[in-house]
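If you count by our numbering, then the sequence shown holds residues 286 to 371, one letter each, in order. Structure record follows, encoded as structure tokens.
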Amino acid sequence: MPKRGLDVSSCEIFRFYKLITTKSLIEPVSMIVPRRSESYQEDIYPPTAAAQPSLTAHEWLSGMNRGKGGWEQAARLGNWSPGGPK
């Protein structure tokens with residue numbers, strides 16, 4: 286599961302899928318940090334790779350260089366930060 290698919294309001298930090306072969310099932314298992322607050326927890330979510338590339342193919346082929354774009358989990362809550370954490 287990509288980081289941008291996690292539920293930040295429940296402090297979910299990782300999700301994986303458990304295969305149950307005897308019943309032909311796939312069960313999602315969430316790893317959740319036990320915290321009381323339902324607000325965004327900046328200390329447990331490091332910047333994640335952006336969904337958009339920082340360069341187009343034409344820019345890259347022409348030799349242009351640009352720093353990688355960052356994306357925080359806070360973007361899911363409407364607090365988008367294009368350069369990662371401030």
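Yeah, the Cβ is synthetic: ideal placement off N, Cα and C, and Gly gets one too. Small disclaimer: the values here were computed from a predicted structure and weren't measured.
- Excluding five sequence positions before and after N350, none of the CB atoms of its chain fall closer than 7 Å to its own CB.
- If you look at E344, you'll find it in the alpha helix (DSSP H) that goes 342-346.
- With 16 or more other Cβ atoms inside 10 Å of its own Cβ, Y330 counts as buried.
- Counting along the chain, Y302 sits inside the beta strand (DSSP E) bounded by residues 297-305.
- The beta carbon of Y302 sits closer than 6 Å to the beta carbons of I311, P313 from its chain, once the five residues preceding and following it are set aside; these are given in chain order.
- Within the same chain, no Cβ atom closer than 6 Å to the Cβ of R289 is found once the five residues on either side in sequence are excluded.
- Here L304 is exposed: its Cβ has fewer than 16 other Cβ atoms, across all protein chains shown, within 10 Å.
- The bridge partners DSSP lists for P287 come to none.
- Secondary structure at E312: strand, using DSSP grouped into helix, strand and coil.
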